[in-house]
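If you're matching them up, the sequences are chains A and B in order.
Per full-length UniProt numbering, numbering through the first sequence is continuous, rising by one, with the last residue being 462.
Per full-length UniProt numbering, numbering through the second sequence is continuous, rising by one, with the last residue being 146.
Where is the CB? At the ideal position from N, CA and C, for every residue including glycine.
All of these numbers come straight from a predicted model, not from anything done at the bench.
Below: one structure, written as structure tokens.
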Amino acid sequence: MNTLKYQSQAVAKPYFIFALILFVGQILFGLVMGLQYVVGDFLAGAIPFNVARMVHTNLLIVWLLFGFMGAAYYMVPEESETELYSPKLAIILFWIFAAAGVATILGYLLVPYSTLAHYTLNELWPTMGREFLEQPTITKIGIVIVCLGFLFNLGMTILKGRKTAINMVLMTGLIGLAVFFLFAFYNPTNLALDKYFWWFVVHLWVEGVWELIMGAILAYVLIKVTGVDREVIEKWLYVIIAMALISGILGTGHHFYWLTTPEYWQWVGSIFSAIEPLPFFAMVLYAFNMVNRRRREHPNKAATLWALGTSVMAFLGAGVWGFLHTLAPVNYYTHGSQITAAHGHMAFYGAYAMIVMTIISYAMPKLRGIGEANCNRAQVREMWGFWLMTVAMVFITLFLTGAGVLQVWLQRIPESGEALSFMVTQDKLAIFYWLREIAGVFFLIGLISYISSFWVKEKIAS
Amino acid sequence: MSERFTKGMARNIYYGGSVFFFLIFLALTYHTTKVMPERDHRENITEAVAHGKELWEENNCIGCHSLIGEGAYFAPELGNVYKRRGGEAGFKAFLNGWMKAQPLNIPGRRQMPNFHLSDKEIDDLAEFLKWTSELDTNDWPPNIEG
């Protein structure tokens, strides 16, 4: 059965499937690292911690990018009311990106990192070895080429079709993503400058332009599942992302407190990042309001659950847990502790992993020719996945927060001489790390349940 | 409210507000880069420091350690390790001994790999960490433990 409005939307399917495969890999490496936190020499020869972490974070970034691309290929034709400019280009870019991604991950796993750096001629244009930007320079160039082709394809589609607010917001977000990634190629010898502009990629992605992508996907799914008037949904989309950028751009200052930067950043960063939770709170009100005012009962309950869930978890993870340690006098003690890790986990899951699963949940039944929604049994299985993963992530965050508070108490607050050393402190945090690892296993069970829902079919009554 | 506050107005706030605050951000960035030389004493970046940074990157040190609070939280902060482990008098000897003793192979302990660096390379890495420890970081970290 063909249930797509525009046939070219079908190119989104491989993007979504591959995203979920990488997601599974991300979680498996997360569990390895989690165990290494307490059993330090676990697999230390085969997968040293730094390798596991690089794979864990890079898989996250790449699967989210695959998810965003799939979302854009699915949404833009329907929003523009025209077929995609070139479905063939979209498929070619999929294979290039997938091959480059797999090759890079295998490079991390199979040879020492310094060997990978030499093989890929890092010395010609050194960009490697910086957190989240560990990819060989050649991979980074590949990412830029894929992004350019992707933006060209979408841009040509929008130019010949309808220009909705969702399209425009999505495009500004994606163009911003590509533009700010270019700072990954700037790696001065001066560490202070290196760090300053490194944040132009990292912060302006996740607390800037990615929020536009998230907002656009959420607005699209809300229009579809609630049937509320587009004018209303798009108006509030603009309000929310305006707040996100107005707070988030100068909010970058919360990374410039301890970086050979002038003290005024402590004020600018504190004030503007204190506003950053507001757009996320507005997103919760917005999602729940629109669902309450729905004009139709959409059969895809799971997609609605993901849409509501992502707003709440993004508010908690990015908003509340971000605020916890964003004020300069607090950050002085918490900077680079497990509190940062706690915030990172819930924010990425809540805002970005969940928004990708929202659009996958909405679009996959149509892409697979099933119809508006999966059968009831499959949706129930999917919702089990939702709750297990989400609750597990809440516990992961709470345990890491506990570890972080104790770490700050033992290692950061006492004077030199009385403070415990890093390694001694880590031993005292072991119970929290064990609990976090257990919560991580529950997360994996949730993920397995979620993935398995794609194979669940309605029982035929005999 | 909902009738008078239109989508067009919301759109203008989005585009106008973003551009306005981005320009302020660029202006502050410009000012920051102008005054940074006084705080990062870049005149002390020797060839050894530059090479040390390359070694830091090519061995993915940030994958376990943090440097001025950024990186992984699996192993100790190294932004001030120069001061914590001996300073002028003892740091270079300490680092050389430490790097060569890896992996420690203590059962259950977090394990640092051996990166097989030469004496010259370890010395350059030490120069990089020394230069880093002298950055003016507004008094961060709060104590010597990092």
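Residue range of the unbroken alpha helix (DSSP H) whose run includes residue i
{"i": "residue 88 (chain B)", "result": "87–101"}
{"i": "residue 194 (chain A)", "result": "191–204"}
{"i": "residue 422 (chain A)", "result": "422–428"}
{"i": "residue 184 (chain A)", "result": "No alpha helix (DSSP H) contains residue 184 (chain A), which DSSP labels as neither H nor E."}
{"i": "residue 44 (chain B)", "result": "First-last for residue 44 (chain B): undefined, no H or E at that position."}
{"i": "residue 296 (chain A)", "result": "Run containing residue 296 (chain A): none; DSSP gives neither H nor E here."}
{"i": "residue 125 (chain B)", "result": "119–133"}
{"i": "residue 368 (chain A)", "result": "From DSSP, residue 368 (chain A) is part of no alpha helix (DSSP H); its letter is neither H nor E."}
{"i": "residue 382 (chain A)", "result": "376–407"}
{"i": "residue 211 (chain A)", "result": "210–226"}
{"i": "residue 322 (chain A)", "result": "321–324"}
{"i": "residue 269 (chain A)", "result": "264–275"}
Interface partners of residue i on chain B, CB under 8 Å
{"i": "residue 521 (chain A)", "result": "What the structure shows of chain A is the stretch from 1 to 462, and residue 521 (chain A) is not part of that stretch, so it cannot be assessed."}
{"i": "residue 238 (chain A)", "result": "7, 10, 11, 13, 14"}
{"i": "residue 416 (chain A)", "result": "143, 144, 145"}
Where residue i meets chain A, residues with beta-carbon distance less than 7 Å
{"i": "residue 109 (chain B)", "result": "40, 41"}
{"i": "residue 66 (chain B)", "result": "336"}
Coil, strand or helix - residue i by DSSP
{"i": "residue 440 (chain A)", "result": "helix"}
{"i": "residue 416 (chain A)", "result": "coil"}
{"i": "residue 104 (chain B)", "result": "coil"}
{"i": "residue 84 (chain A)", "result": "coil"}
{"i": "residue 121 (chain A)", "result": "coil"}
{"i": "residue 109 (chain A)", "result": "helix"}
{"i": "residue 336 (chain A)", "result": "coil"}
{"i": "residue 231 (chain A)", "result": "helix"}
{"i": "residue 45 (chain A)", "result": "coil"}
{"i": "residue 39 (chain A)", "result": "coil"}
{"i": "residue 247 (chain A)", "result": "helix"}
{"i": "residue 456 (chain A)", "result": "coil"}
{"i": "residue 6 (chain A)", "result": "coil"}
{"i": "residue 104 (chain A)", "result": "helix"}
{"i": "residue 257 (chain A)", "result": "coil"}
{"i": "residue 143 (chain B)", "result": "coil"}
{"i": "residue 304 (chain A)", "result": "helix"}
{"i": "residue 109 (chain B)", "result": "coil"}
{"i": "residue 19 (chain A)", "result": "helix"}
{"i": "residue 447 (chain A)", "result": "helix"}
Cβ of residue i within 9 Å of any chain A Cβ
{"i": "residue 92 (chain B)", "result": "no"}
{"i": "residue 98 (chain B)", "result": "no"}
{"i": "residue 28 (chain B)", "result": "yes"}
{"i": "residue 77 (chain B)", "result": "yes"}
{"i": "residue 86 (chain B)", "result": "no"}
{"i": "residue 120 (chain B)", "result": "no"}
{"i": "residue 4 (chain B)", "result": "no"}
{"i": "residue 124 (chain B)", "result": "no"}
Contact set between residue i and chain B, taken where Cβ atoms lie within less than 7 Å
{"i": "residue 433 (chain A)", "result": "Ordered by position in chain B, no residue passes the 7 Å Cβ test against residue 433 (chain A), which lies about 11 Å from the chain."}
{"i": "residue 341 (chain A)", "result": "73"}
{"i": "residue 126 (chain A)", "result": "54, 57"}
{"i": "residue 250 (chain A)", "result": "21, 24, 25"}
Any chain B beta carbon closer than 9 Å to residue i
{"i": "residue 37 (chain A)", "result": "yes"}
{"i": "residue 286 (chain A)", "result": "no"}
{"i": "residue 265 (chain A)", "result": "yes"}
{"i": "residue 254 (chain A)", "result": "no"}
{"i": "residue 207 (chain A)", "result": "no"}
{"i": "residue 235 (chain A)", "result": "yes"}
{"i": "residue 299 (chain A)", "result": "no"}
{"i": "residue 450 (chain A)", "result": "no"}
{"i": "residue 374 (chain A)", "result": "no"}
{"i": "residue 7 (chain A)", "result": "no"}
{"i": "residue 268 (chain A)", "result": "yes"}
{"i": "residue 411 (chain A)", "result": "yes"}
{"i": "residue 190 (chain A)", "result": "yes"}
{"i": "residue 426 (chain A)", "result": "yes"}
{"i": "residue 276 (chain A)", "result": "no"}
Where residue i meets chain A, residues with beta-carbon distance less than 8 Å
{"i": "residue 56 (chain B)", "result": "129"}
{"i": "residue 72 (chain B)", "result": "49, 50, 53, 131"}
{"i": "residue 50 (chain B)", "result": "189"}
{"i": "residue 32 (chain B)", "result": "196, 256, 261, 262, 265"}
Under 9 Å by beta carbon: chain A residues contacting residue i
{"i": "residue 134 (chain B)", "result": "Simply none; closest approach about 10 Å."}
{"i": "residue 81 (chain B)", "result": "Going along chain A, no residue has its Cβ under 9 Å from residue 81 (chain B), so there is no contact; the nearest lies around 10 Å."}
Closer than 9 Å at the beta carbon, the chain B residues around residue i
{"i": "residue 163 (chain A)", "result": "Those within 9 Å of residue 163 (chain A) in chain B number zero; the least Cβ separation is about 12 Å."}
{"i": "residue 245 (chain A)", "result": "14, 17, 18, 21, 22"}
{"i": "residue 437 (chain A)", "result": "The contacting residues do not exist; residue 437 (chain A) stays about 14 Å from chain B at best."}
- Considering only residues of the stretch 129–178 of chain A, which uninterrupted alpha helix (DSSP H) runs meet the minimum length of 4 residues and lie entirely inside it, listed in chain order? 137–160
Margin query: Please give the ranges of any beta strand (DSSP E) in the stretch 1–85 of chain B, keeping only runs that are unbroken, at least 3 residues long and fully inside the region.
Written below: none
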